[in-house]
Every structure is written in structure tokens, then in C-alpha cells.
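Worksheet: the structure to be examined is printed underneath.
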Amino acid sequence: MLTVEEARYLAACIAELGREAPLEDMDRYIQHGDTSCLRHCVAVAYLAYRLSRRLCPRCDARSLIRGAMLHDFFLYDWHEKDAGHSLHGFTHPAAALRNAERFVALTPVERNIIRRHMWPLTPVPPLCREAWLVCLADKICSLRETARLRPYPFRPFFAARRRAGGQ
Ligand SMILES: [Fe+2]
Ligand SMILES: [Fe+2]
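Quick note, my numbering runs 9 ahead of the 1-based positions in the sequence shown.
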């Protein structure tokens with residue numbers, strides 16, 4: 010669990026990023042099971058941040074959270090193999106990075122998180138601690154979602170979204 014202060018920080022970082030990039034667009038696409046890309050990214054950001062507080066409290070939390078929120082910002086339905094997405098597993102980090110760079114001036118850490126999160130499927134490993142943590146959190150969340158276990162909920166994000174008229 011995050012402390013109240015940590016939860017506030019995570020929610021504030023996601024809200025700040027949401028004013029720069031259309032994160033909500035990710036809710037239109039399913040990632041795994043019945044979890045949308047947006048919910049997946051929130052779960053990965055939550056878990057990676059939670060792990061970082063235990064394992065490397067001095068790492069760059071803001072970049073870790075922002076990189077986690079953008080790591081699957083590829084904005085298409087990868088289940089449609091006919092639409093040229095058969096190599097999605099290998100190519101989507103670059104697609105997410107291209108999309109993110111249209112909206113956000115990324116830090117090197119954020120760029121590395123997005124580009125390297127599919128290791129070891131893509132051969133070059135992450136370079137920094139933040140990217141390793143997101144890579145690990147992504148694997149854990151993906152397995153849970155594929156098994157249709159409950160995704161890690163980050164309630165403050167979804168409560169704020171409901172208050173703003175979302176779902
Ligand atoms: Fe991904
Ligand atoms: Fe992911």
C-alpha cells in the first residue's frame with residue numbers, strides 16, 4: 010500500500026501528465042483481458058511507484074510515473090492483426106515513444122522506460138533503475154490482467170475521473 014502522501018503524489022503526477030498528453034485516449038483500446046490500456050498504465054504506474062518506494066526510494070519518481078503512464082501510449086487495437094499489428098510486441102514501444110514525443114518533452118529516463126519496457130522480447134535491456142522497475146511492474150500487471158485477476162486499483166485516479174464526469 011502507498012501512504013496517503015505517496016498516493017497524493019502519484020495522483021498529482023498522473024493528473025499533471027494528463028494535462029499535457031491525451032491519456033484518456035488509451036481507454037479506447039483493450040490491453041489484456043478486459044483491461045484497457047489506460048487502466049493497465051495506471052496499474053503499472055502504481056505498482057512501479059510502490060516498488061520504487063521500497064527498493065530505491067531515491068530514484069526519479071516523477072519520471073518513473075510519467076514513463077509508466079506513457080509506456081503503452083501506442084493508441085491502436087493491437088488485437089487487429091489484419092491492420093498490420095502482427096509484430097506489435099516488438100514495435101509498440103517505438104510507436105508509444107513517437108506518440109508521447111508529440112505531446113511531452115520527455116526526460117532521458119522517461120524515454121528509456123518507454124523504449125525498453127518490453128525487454129527481454131526486445132533485445133536491449135533497460136538502462137536505468139526506473140526503467141527496470143517499470144519493466145518488472147509491466148510483466149506482473151500483464152500476467153494478472155491476462156489471467157483476469159483484478160488489476161491493481163489506484164482509487165484516487167478513478168475517483169477523480171468519476172468526479173470529472175468520466176467512468
Ligand atoms: Fe507494452
Ligand atoms: Fe504494458
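C-beta atoms are modelled at their ideal positions from N, C-alpha and C, and glycine is treated no differently.
Per the coordinates, the alpha-carbon of Tyr58 lies some 25 Å from the alpha-carbon of Thr100. Pairwise C-beta distances place the stretch 61 to 73 out of contact with the stretch 124 to 136, as fewer than three of them are shorter than 8 Å.
Between Ala109 and Ile123, the C-beta spacing is below 8 Å. In the assembly as shown, Arg125 is a buried residue. Its beta-carbon has 16 or more other beta-carbons within 10 Å.
Distances between the C-beta of Asp34 and the heavy atoms of ligand 2 are all 7 Å or more. With respect to Val118, Ser72 sits close: the two C-beta atoms are nearer than 8 Å. For ligand 2, residues qualifying as neighbours are Asp81 and Asp147, where qualification means a beta carbon closer than 5 Å to at least one of its heavy atoms (chain order). Within the stretch 99 to 171, the complete alpha helix (DSSP H) segments at least 4 residues long are 117 to 125 and 138 to 155, listed from N- to C-terminus.
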